[in-house]
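Heads up: the structure comes next, in structure tokens.
In UniProt numbering, the protein residues as written are 1 to 600.
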């Protein structure tokens, strides 16, 4: 919250120069809160409509502060460049000792915001951020801070302590234009923090490290521009609470400083692991990197901890709360998956039922979601035991988010057969990267049916025998046979997107109706044609979705901590989080939820 709120409050602080200190609470705080509320309220529109003005605003701001800094250097103290020497840093710490060491926590504010650029990778690439920072941002900031130092070196006495800051070093005739530019630039900076937060939450949710949230894609062309309503309003409430509760720039600075240096220290530690495990470099190179950067960051980190009671406790408290939420969710998700694996139904049990599976087979396609990549989920046996009827074509669908940014379309679908071909049982695994944008429901339906048909056409029908454990999956790309044709306008009853993500640009009241057909000119043998025709007939009859609705309970005899975590914390998060990703757009008339109690 502090990195998000600080740009706005810092920009608004320029209004305080022309007012008495008693009047600050009537201007600074209300204006800051108003800007923050407007900023969060407009998030659902996306940044693509106004994003074109962000670059000019930032460029004007960087040019402005660099020119003002250069003016102050020339006008007030052109020898200030000597402060770049590490010698003066050593002399400062030697002379001030403990006081100078504690002041390092405040110096961190000079670099806050830099970590947000790398969190906003949804909009920019890593290389573009590095080039922009080294060639434009860093020189402008150095000139700005050197200019302030040059001004302060000639103005040791101030009328009021709150007059010490950026705006006091701005020439008086330029203060109001600079204030306007600063407020606009602060909005852009805060927007980058919000967007970066959305991107991180999306990736954590895709990796099962955060409860399910609704993800809205606000742009049909830029996939990185997303909006998460729940996170947006939580951020707004936290920012307003911190702004109103503290109303003290010093305490907010301490909170932000500790948050930033903690991120940097953790990044340095993780980077040393990347050097060894990913880049396969010598461990001595990693140790040298860790010691050089880590020693500097530990010094700043210790100085920030010294201000724990002066506002630095806020980021620690918030990080602890979010760490508990993420840990509980991840732990519960793992336990749920382990229960599914331990209680999955043997494929031999299914095969012993015969082609009819011992139940009445009705027309249509039954799409059964499962987290398992092999075996039969327990919800299927639970369903057929209580309702002995099912569809003529069964598809066990597993949607997986893999720990890579993107999955190529030709590698997205893995299709296999369960049992002999007359059983009409298929397994489809759909893989998405944590930064992939999933198709809408109609597009996903086309891809799903086409991948199964292509699997049948390319030789899947030759798998007549089956031995448990020998199930094979094939990577299927777009089929060589077009299996649908577009008809007139109308609503399409089809499967949902395999994600909770919604693209605002693709929502329309009327859409083209797709009719799945098998072309007569397709060069396939009679047996394959028969299986393909069964698939097309089943699709024309309709597709139903069988979703598992689990309730987690700790086993009897579990420890007290486990009972609290599973029965209360995890269940609370599950009930208040978004449903399964594939359930976002499923027609309610085509959905059946099967409830089960998981004893973990």
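By construction, the Cβ of each residue, glycine as well, lies at the ideal position given by its N, Cα and C atoms.
- request: Going by CA-CA distance only, name the one from 42, 66, 176, 456 that's closest to residue 528.
  value: Nearest to residue 528 by C-alpha distance, out of 42, 66, 176, 456, is 456.
field: Beta carbon of residue 108 nearer than 9 Å to that of residue 374
entry: Taking a C-beta distance under 9 Å as the contact criterion, residue 108 and residue 374 do not qualify as a contact pair.
message: Three or more C-beta pairs under 8 Å: does that hold for the stretch 196-211 against the stretch 177-185?
response: Contact fails: fewer than three Cβ-Cβ distances are below 8 Å.
query: What's the C-alpha gap between residue 400 and residue 336?
result: Residue 400 and residue 336 have their alpha carbons spaced roughly 15 Å apart.
message: Whether or not the stretch 254-263 and the stretch 273-284 are in contact is what I'm after, with contact meaning three or more pairs of Cβ atoms, one per stretch, closer than 8 Å; do they touch?
response: Flag = no, the stretch 273-284 and the stretch 254-263 do not touch.
- request: List the endpoints of the continuous alpha helix (DSSP H) containing residue 382.
  value: Unbroken alpha helix (DSSP H) run through residue 382: 378-386.
message: Does residue 548 pass the burial test, meaning 16 or more other C-beta atoms within 10 Å, or should it be called exposed?
response: It counts as buried.
task: State buried or exposed for residue 295, treating a residue as buried only when at least 16 other CB atoms are found within 10 Å of its CB.
output: Burial check for residue 295: the Cβ neighbour count within 10 Å stays below 16, so the residue is exposed.
query: In whole angstroms, what separates the C-alpha of residue 272 from that of residue 101?
result: Rounded to the nearest angstrom, the two C-alpha atoms are 26 Å apart.
message: Threshold first: 4 residues or longer. Then list the alpha helix (DSSP H) segments lying entirely within the stretch 282-364, N to C.
response: You should have 283-305, 313-342, 347-351.
- prompt: Among 545, 458, 146, 172, which residue has its Cα nearest to the Cα of residue 85?
  reply: Checked all of 545, 458, 146, 172; the closest Cα to residue 85 is 146.
query: Based on Cα-Cα distance, which residue from 251, 328, 453, 398 lies nearest to residue 310?
result: Nearest C-alpha to residue 310: 251.
field: Proximity to residue 602 [Cα-Cα], best of 48, 227, 392
entry: No answer is possible for residue 602: it lies beyond the span of the chain, which begins at 1 and ends at 600.
Same chain, Cβ closer than 8 Å to residue 111, five either side skipped, listed in chain order: These residues qualify, in order along the chain: 260.
- request: For residue 555, name the three-state secondary structure that DSSP assigns.
  value: In the displayed model, residue 555 falls within coil according to three-state DSSP, outside both helix and strand.
- prompt: Can you tell me where the beta strand (DSSP E) with residue 52 in it begins and where it stops?
  reply: Segment: none, residue 52 is in no beta strand (DSSP E) and carries neither H nor E.
- request: Give every residue of the same chain whose Cβ lies closer than 6 Å to the Cβ of residue 550, excluding the five residues on either side of it in the sequence, and list them in chain order.
  value: The residues are 596, 598.
message: Counting C-beta neighbours from all protein chains within 10 Å, is the total for residue 533 16 or more, i.e. buried, or is it exposed?
response: Counting Cβ neighbours within 10 Å, residue 533 comes out exposed, since fewer than 16 surround it.
- request: Would you check if the distance between the CB atom of residue 365 and the CB atom of residue 325 is smaller than 9 Å?
  value: Not in contact: residue 365 and residue 325 (Cβ atoms no closer than 9 Å).
task: Consult DSSP for residue 153 and reduce its assignment to one of helix, strand or coil.
output: Reduced to three states, the DSSP call for residue 153 is helix.
query: Anyone know if the C-beta pair for residue 106 and residue 254 falls short of 9 Å?
result: Yes, the Cβ-Cβ distance between residue 106 and residue 254 is below 9 Å.
- request: Could you have a look at residue 209 and say whether DSSP puts it in helix, strand or coil?
  value: Three-state result, residue 209: coil.
First through last residue of the alpha helix (DSSP H) which encompasses residue 137: Here residue 137 belongs to no alpha helix (DSSP H), and DSSP marks it neither H nor E.
- prompt: Within 10 angstroms of its Cβ, does residue 592 collect 16 or more other Cβ (buried), or is it exposed?
  reply: Counting the other Cβ atoms within 10 Å of the Cβ of residue 592 gives fewer than 16, which makes it exposed.
query: If you draw a straight line from the alpha carbon of residue 494 to that of residue 452, how long is it in whole angstroms?
result: Annotation note: pLDDT 37 at residue 494 (below 50); position unreliable, no value reported.
query: So, residue 50 versus residue 339, is the Cβ gap smaller than 9 Å?
result: The answer is no: Cβ separation not under 9 Å.
message: Less than 9 Å between the beta carbons of residue 448 and residue 397, yes or no?
response: It is a contact, given that the beta carbons lie within the stated cut-off.
- prompt: Should the stretch 51-69 be called in touch with the stretch 130-146, which here means at least 3 C-beta pairs below 8 Å?
  reply: Enough Cβ pairs lie closer than 8 Å, so yes.
query: So who's on the other strand from residue 190, going by DSSP bridges?
result: Note: residue 190 sits in no beta bridge, so no partner.
- prompt: Rounded to a whole number of angstroms, what is the C-alpha to C-alpha distance between residue 55 and residue 283?
  reply: Residue 55 and residue 283: Cα-Cα distance of roughly 41 Å.
query: In this structure, does DSSP put residue 271 in helix, strand or coil?
result: Assigned with DSSP and collapsed to three states, residue 271 falls in helix.
Residues of its chain near residue 565, where Cβ-Cβ distance is below 7 Å and the 5 sequence neighbours each way are ignored: Excluding its 5 nearest sequence neighbours in each direction, residue 565 has C-beta neighbours in its own chain below 7 Å: 328, 331, listed in chain order.
Alpha carbon of residue 610 to alpha carbon of residue 307, nearest angstrom: Because the chain spans 1 through 600 in this model, residue 610 falls outside it and cannot be assessed.
task: Assign residue 596 to one of three DSSP states: helix, strand, or coil.
output: Strand.
field: C-beta atoms of residue 594 and residue 379 nearer than 9 Å
entry: Yes, Cβ-Cβ distance for residue 594 and residue 379 is below 9 Å.
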